[in-house]
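Chains as they are written, first to last, in my numbering: chain A, 1 to 351; chain B, 352 to 702. Idealized CB from N, CA, C, for every residue including glycine.
2 protein chains.
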Amino acid sequence: MTDIAKRFKENPLLSPGNLPSSHPGLRIECLLNPGVFSYREKVWLLIRVAERPAQKEGFISFPILKPDGTMEILELEKDHPDIDLSDPRVTQYCGKSYLTTLSHLRLVSSDDGIHFSEPEPPVILTGKGALETFGIEDCRVARIGDAFYLTYSAVSENGVGIGMMSTRDWKDFERKGMIFLPHNKDGALFEEKLGDYYYALNRPSGVDIGGNFIWLSQSPDLKHWGNHQCILTTRKGMWDEQRIGAGASPIRTEKGWLEIYHGADRNNRYCLGAFLTDLNDPSKILARSESPIMEPIADYEKTGFFGNVVFTNGHLVDGDQVTIYYGASDEHICGATFSLNEILNSLTQLA
Amino acid sequence: MTDIAKRFKENPLLSPGNLPSSHPGLRIECLLNPGVFSYREKVWLLIRVAERPAQKEGFISFPILKPDGTMEILELEKDHPDIDLSDPRVTQYCGKSYLTTLSHLRLVSSDDGIHFSEPEPPVILTGKGALETFGIEDCRVARIGDAFYLTYSAVSENGVGIGMMSTRDWKDFERKGMIFLPHNKDGALFEEKLGDYYYALNRPSGVDIGGNFIWLSQSPDLKHWGNHQCILTTRKGMWDEQRIGAGASPIRTEKGWLEIYHGADRNNRYCLGAFLTDLNDPSKILARSESPIMEPIADYEKTGFFGNVVFTNGHLVDGDQVTIYYGASDEHICGATFSLNEILNSLTQLA
Numbered sequence: 001m002t003d004i005a006k007r008f009k010e011n012p013l014l015s016p017g018n019l020p021s022s023h024p025g026l027r028i029e030c031l032l033n034p035g036v037f038s039y040r041e042k043v044w045l046l047i048r049v050a051e052r053p054a055q056k057e058g059f060i061s062f063p064i065l066k067p068d069g070t071m072e073i074l075e076l077e078k079d080h081p082d083i084d085l086s087d088p089r090v091t092q093y094c095g096k097s098y099l100t101t102l103s104h105l106r107l108v109s110s111d112d113g114i115h116f117s118e119p120e121p122p123v124i125l126t127g128k129g130a131l132e133t134f135g136i137e138d139c140r141v142a143r144i145g146d147a148f149y150l151t152y153s154a155v156s157e158n159g160v161g162i163g164m165m166s167t168r169d170w171k172d173f174e175r176k177g178m179i180f181l182p183h184n185k186d187g188a189l190f191e192e193k194l195g196d197y198y199y200a201l202n203r204p205s206g207v208d209i210g211g212n213f214i215w216l217s218q219s220p221d222l223k224h225w226g227n228h229q230c231i232l233t234t235r236k237g238m239w240d241e242q243r244i245g246a247g248a249s250p251i252r253t254e255k256g257w258l259e260i261y262h263g264a265d266r267n268n269r270y271c272l273g274a275f276l277t278d279l280n281d282p283s284k285i286l287a288r289s290e291s292p293i294m295e296p297i298a299d300y301e302k303t304g305f306f307g308n309v310v311f312t313n314g315h316l317v318d319g320d321q322v323t324i325y326y327g328a329s330d331e332h333i334c335g336a337t338f339s340l341n342e343i344l345n346s347l348t349q350l351a
Numbered sequence: 352m353t354d355i356a357k358r359f360k361e362n363p364l365l366s367p368g369n370l371p372s373s374h375p376g377l378r379i380e381c382l383l384n385p386g387v388f389s390y391r392e393k394v395w396l397l398i399r400v401a402e403r404p405a406q407k408e409g410f411i412s413f414p415i416l417k418p419d420g421t422m423e424i425l426e427l428e429k430d431h432p433d434i435d436l437s438d439p440r441v442t443q444y445c446g447k448s449y450l451t452t453l454s455h456l457r458l459v460s461s462d463d464g465i466h467f468s469e470p471e472p473p474v475i476l477t478g479k480g481a482l483e484t485f486g487i488e489d490c491r492v493a494r495i496g497d498a499f500y501l502t503y504s505a506v507s508e509n510g511v512g513i514g515m516m517s518t519r520d521w522k523d524f525e526r527k528g529m530i531f532l533p534h535n536k537d538g539a540l541f542e543e544k545l546g547d548y549y550y551a552l553n554r555p556s557g558v559d560i561g562g563n564f565i566w567l568s569q570s571p572d573l574k575h576w577g578n579h580q581c582i583l584t585t586r587k588g589m590w591d592e593q594r595i596g597a598g599a600s601p602i603r604t605e606k607g608w609l610e611i612y613h614g615a616d617r618n619n620r621y622c623l624g625a626f627l628t629d630l631n632d633p634s635k636i637l638a639r640s641e642s643p644i645m646e647p648i649a650d651y652e653k654t655g656f657f658g659n660v661v662f663t664n665g666h667l668v669d670g671d672q673v674t675i676y677y678g679a680s681d682e683h684i685c686g687a688t689f690s691l692n693e694i695l696n697s698l699t700q701l702a
């Protein structure tokens, strides 16, 4: 056991019953994977809220958005000959794939980092247009200059890519379009320019050749990206053998950029680890976790909508203390702290 | 039968025996999928040349490049318990995928468009760096201003993405890095700016959700790309039900941008069709082929390294005549002509 996370004793901090659904006909199934930022002396979470209608016996039903913004409920017979319900997150039906829930992003804030509530009026960000009809998910929040940049999974029948929007006041949002093509998730921006370019971590997926690896991309303007490089791959037989993906923005330390990332094994058990890159050349990996720094071991991390998952895409850094907020079992939102130095000391040097 | 291609009577124009291999230990298995351009009053093809060593009984062997540029031959036992040889193009071995051949790009030219030969000295472009260790393939050549832009599949164990290089004289080449992340192929640049941006067609692939669809991306500088939009999807039960991908650069016509594309069905039978977009808004599809404009019907298109394939990524336009060069059965290079108006008239209006 190499888990060095100190979990909040108040965990879970937020569960599906703690927020109102966005529509009368829907109920919240999961609260998960929040983006995190501090603003006006509060801690803010931009939560992924996954909803669907109350389920009728013998049927599975879920909402999808139309490109014009209206919502439609699809209802499928569970005993249809061409349906696959084995993954609680995704349903295969007649050669097409659907998400079993529709996610939007919801803002909550806290004075103490433990007790969160919605602002008045609520801030609800939903999918828009043809590339977000299955919702938006797992938003990272990066602060660059005086603006916040939101990078999130944009899901539709066209695939899963990374969309971006920006805001300065959390009232007006500017949609920047899809910045990374399908299949891609886990887009995390560096919060400063390095030389002439902005940089982002992202996780495209290979088909036949390649895998679910972490790549580094550069941009002159945050909107257009190129010079893609593969910087971190999965490791056969290890806790991160099946897929890996960046958490939130890399943390600048004296030793390099520290990135907390998730890794899943062949059983879809999601743990957290970390890697360190060169400060001037973030494509150069200096050190990496051999063992997870956090594993799903608490009850609320082992059992839930999709069990055995700890997944983070948001943190706050205060001196040596890193506070992560994370999704547990794809159902609850929890918090934990790490010592930055303890993470750094736990890494295995590679270069 | 809706095939409106006029095949060259000299087909195939080039076969594996017609060029020398790039290394004494290798032999050419396939010549295919050339980029096409006119330059100094000649017709030029930038051919994909796929090589491997002579095969020993009971083994499959193929070359791979190391990131430092040296070549290594991998030799695998055909009766290994964890090998899958069912696809002649890709071998699965112990959880990893390898290409059965290593491809480079080779330049040939012709005065008459039929008889091609290599320049002296030969121009051979090979994979470079960690993202091209399995070779470079299927290069499109676009002319923008006084430069040629080469977009090609960059293949390595990290995945298949789209790389780019540019040249003005076909002697010095500037590598621009990977412009589209895995999994992506079939990158075709528009040969002029539309408004503030350059545009490219490309074909990312979905995992679980999405498919093998044609997307449109924009760029301020040809190197960094964003605002990705899905513009054309596969059609269930039709000739292009499984995957589609752009051919060469779109052709400007009075009616719109005409793109010749390939589509494959569930049996991996590759045909050609076309679609038309709005001249000012290339995300707007105006018309599309219901039936193929070209199908694998000649003997050399039906039988070969990978049979039942016609695949084009290069053409020349002269008034109403479009001359395509194409790969037949992934083994030979052939030529055919179309009437531009006949293609346009064959399309079904959508908008």
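Checklist entry - Would A/H228 be called buried (16 or more neighbouring beta carbons within 10 Å of its own) or exposed? => result Counting from 1 along the first sequence, the entry for residue 228 of chain A is found at position 228. Taking all protein chains shown into account, A/H228 has 16 or more neighbouring C-beta atoms within 10 Å of its C-beta and is therefore buried.
Item to check | Spatially closest choice to A/A328 from A/L316, A/K223, A/L76, A/I297, by CA coordinates | outcome: Translated into the one-based positions of the first sequence, residue 328 of chain A becomes position 328. Nearest option by C-alpha distance: A/I297.
Checklist entry - Count the other CB atoms within 10 Å of the CB of B/N664; is the residue buried (16 or more) or exposed (fewer)? => result As a working mapping, residue 664 of chain B is identified with position 313 in the second sequence. Classification of B/N664: buried, given that the 10 Å Cβ count is 16 or more.
Checklist entry - For the candidate residues A/A147, A/A287, A/I47, A/P88, whose alpha-carbon lies nearest to that of A/W257? => result Looking up residue 257 of chain A in the first sequence gives position 257. Closest option to A/W257, Cα to Cα, is A/A287.
Next on the checklist: If I follow the unbroken beta strand (DSSP E) through A/Y325, where does it start and stop?
Outcome noted: Working through the first sequence from its first residue, we reach residue 325 of chain A at position 325. Unbroken beta strand (DSSP E) run through A/Y325: 321–328.
Checklist entry - Using the beta-carbon count (16 or more within 10 Å), is B/G510 buried or exposed? => result Here residue 510 of chain B corresponds to residue number 159 of the second sequence, with the count starting at 1. With 16 or more Cβ atoms within 10 Å of its Cβ, B/G510 is classed as buried.
Checklist entry - Using Cβ-Cβ distances below 9 Å, what residues of the stretch 506–530 of chain B are close to chain A? => result V506, S507, E508, N509, G510, V511, G512, M515, K527, G528, M529, I530
Item to check | Other residues of its chain near B/V668: CB distance less than 6 Å, five sequence neighbours each side excluded | outcome: For the purposes of this step, residue 668 of chain B is taken as residue 317 along the second sequence, with counting starting at 1. If the five residues before and after B/V668 are omitted, its C-beta is found closer than 6 Å to the C-beta atoms of I602, all from its own chain and listed in chain order.
Checklist entry - Helix, strand or coil: which one does DSSP assign to B/E693? => result What you label residue 693 of chain B is simply residue 342 of the second sequence in a count that begins at 1. Helix.
Checklist entry - When Cβ atoms are compared, which residues of the stretch 195–213 of chain A fall closer than 8 Å to chain B? => result N202, P204, S205, G206, V207, D208, I209, G210, G211, F213
Checklist entry - With respect to the beta strand (DSSP E) encompassing B/Y548, which residues constitute its N-terminal and C-terminal limits? => result Start at 1 with the first residue of the second sequence, and residue 548 of chain B comes out as number 197. First-last for B/Y548: undefined, no H or E at that position.
Next on the checklist: Against A/H228, what residues of chain B qualify as contacts under a CB-to-CB distance less than 9 Å, listed in chain order?
Outcome noted: Walking along the first sequence from the start, residue 228 of chain A turns up at place 228. What A/H228 touches in chain B: L482, G512, G528, M529, I530, F531, L532, P533.
Next on the checklist: Using CA atoms only, rank isn't needed, just tell me which of A/K236, A/E10, A/T277, A/H23 is closest to A/A50.
Outcome noted: Taking the first sequence and counting its residues from 1, the one referred to as residue 50 of chain A is at position 50. Residue A/H23 is the option with its Cα nearest to A/A50.
Next on the checklist: Starting from B/D650, trace the beta strand (DSSP E) in both directions and tell me its first and last residue.
Outcome noted: The count along the second sequence starts at 1 and reaches residue 650 of chain B at position 299. In the DSSP assignment, B/D650 falls outside any beta strand (DSSP E) and within the unbroken alpha helix (DSSP H) covering 650–653.
Checklist entry - Hey, how far is the Cα of B/I694 from the Cα of B/K653? => result Position 343 of the second sequence, counting from 1, holds the residue named residue 694 of chain B. Position 302 of the second sequence, counting from 1, holds the residue named residue 653 of chain B. Taking the CA atoms as reference points, B/I694 sits about 23 Å from B/K653.
Next on the checklist: Please report the distance separating the alpha-carbon of B/G561 from that of B/K587.
Outcome noted: Mapped onto the second sequence, residue 561 of chain B falls at position 210. Mapped onto the second sequence, residue 587 of chain B falls at position 236. Approximately 13 Å between the Cα atoms of the pair.
Item to check | Of the residues A/L46, A/N308, A/R7, A/S103, the one placed nearest A/R27, counting alpha carbons only | outcome: By one-based count along the first sequence, residue 27 of chain A stands at place 27. The residue with the shortest Cα to Cα distance from A/R27 is A/S103.
Checklist entry - When we look at the beta-carbon of A/A54 and count the other beta-carbons within 10 Å, is it buried (16 or more) or exposed? => result Indexing the first sequence from 1 puts residue 54 of chain A at position 54. Answer is exposed; the Cβ neighbour count stays below 16.
Item to check | Beta-carbon neighbours of A/W225, restricted to chain B and to distances below 8 Å | outcome: As a working mapping, residue 225 of chain A is identified with position 225 in the first sequence. Per Cβ cutoff of 8 Å: H575, W576, G577.
Next on the checklist: Can you check which of these residues, B/L482, B/F485, B/L458, B/T484, is closest to B/P472 by C-alpha distance?
Outcome noted: Translated into positions along the second sequence, residue 472 of chain B becomes position 121. Nearest option by C-alpha distance: B/L458.
Next on the checklist: Assuming contact is defined by CB atoms lying nearer than 8 Å, are B/L383 and B/I411 in contact in what I supplied?
Outcome noted: Your numbering for residue 383 of chain B matches position 32 in the second sequence. Your numbering for residue 411 of chain B matches position 60 in the second sequence. No. Outside cutoff.
Checklist entry - So the beta strand (DSSP E) B/T604 belongs to, where does it begin and stop? => result Along the second sequence, one-based indexing puts residue 604 of chain B at 253. DSSP places B/T604 in the uninterrupted beta strand (DSSP E) bounded by 602–604.
Next on the checklist: Distance cutoff 8 Å, beta carbons only. Does B/V441 sit that close to anything in chain A?
Outcome noted: Taking the second sequence and counting its residues from 1, one reaches residue 441 of chain B at position 90. Taking Cβ atoms only, chain A reaches closer than 8 Å to B/V441, which makes this a yes.
Next on the checklist: Which residues does DSSP list as the beta-bridge partners of A/F180?
Outcome noted: Looking up residue 180 of chain A in the first sequence gives position 180. By DSSP's assignment, A/F180 forms a beta bridge with A/I162.
Checklist entry - Can you list, in chain order, the residues of its chain whose CB lies under 8 Å from that of A/I144, leaving out five sequence neighbours each side? => result Along the first sequence, read from residue 1 onward, the residue named residue 144 of chain A stands at position 144. Answer for A/I144: L189, E191, E192, Y198, L222, listed in chain order.
Checklist entry - Between the Cα of B/G528 and the Cα atoms of B/G512, B/H534, B/D537, which residue gives the shortest distance? => result Sequence index remark: in the second sequence, residue 528 of chain B carries index 177 (1-based). If we check each option's Cα against that of B/G528, B/G512 comes out closest.
Next on the checklist: Quick check on this structure: which residue in B/F626, B/W395, B/S642 has the alpha carbon closest to the alpha carbon of B/I636?
Outcome noted: Start at 1 with the first residue of the second sequence, and residue 636 of chain B comes out as number 285. Cα-wise, what sits closest to B/I636 is B/F626.
Checklist entry - What do you get for B/I465, buried or exposed, if any count of 16 or more other CB atoms within 10 angstroms of its CB means buried? => result What you label residue 465 of chain B is simply residue 114 of the second sequence in a count that begins at 1. That one is exposed.
Item to check | Interface partners of B/W566 on chain A, CB under 7 Å | outcome: Locating residue 566 of chain B in the second sequence gives position 215, where the first residue counts as 1. The contacting residues are L181.
Checklist entry - Can the beta-carbon of B/A597 be found less than 8 Å from the beta-carbon of B/L552? => result Counting from one through the second sequence, the residue named residue 597 of chain B turns up at place 246. Counting from one through the second sequence, the residue named residue 552 of chain B turns up at place 201. Closer than 8 Å, so yes.
Next on the checklist: Would A/S97 pass as an interface residue toward chain B - the criterion being a Cβ-Cβ separation below 8 Å?
Outcome noted: Residue 97 of chain A sits at position 97 when you count from the first residue of the first sequence. Output row for A/S97: interface = yes.
Checklist entry - So which residues of chain B does A/S352 contact, with C-beta pairs closer than 9 Å? => result This structure does not reach residue 352 of chain A, given that chain A is present from 1 up to 351, and the question cannot be answered.
Checklist entry - If we call anything under 8 Å between Cβ atoms a contact, is A/G304 one with A/D265? => result Counted from its first residue, the first sequence places residue 304 of chain A at position 304. Counted from its first residue, the first sequence places residue 265 of chain A at position 265. No, Cβ-Cβ distance for A/G304 and A/D265 is not below 8 Å.
Next on the checklist: Using the three-state DSSP reduction, which class does A/L268 fall into: helix, strand or coil?
Outcome noted: Along the first sequence, read from residue 1 onward, the residue named residue 268 of chain A stands at position 268. For the sequence presented, residue 268 of chain A should be read as Asn rather than Leu. Coil.
Next on the checklist: On a Cα-Cα basis, can you pick out the residue from A/K185, A/S97, A/T167 that is closest to A/F213?
Outcome noted: Here residue 213 of chain A corresponds to residue number 213 of the first sequence, with the count starting at 1. Comparing Cα-Cα distances from A/F213 to each of A/K185, A/S97, A/T167, the minimum goes to A/K185.
Checklist entry - Which whole-angstrom value describes the C-beta separation of A/P67 and A/L194, a residue pair presumed to lie in contact below a C-beta threshold of 8 Å? => result Position 67 of the first sequence, counted from the start, is the residue given in the question as residue 67 of chain A. Position 194 of the first sequence, counted from the start, is the residue given in the question as residue 194 of chain A. Incorrect: roughly 37 Å between the Cβ atoms, too far for contact.
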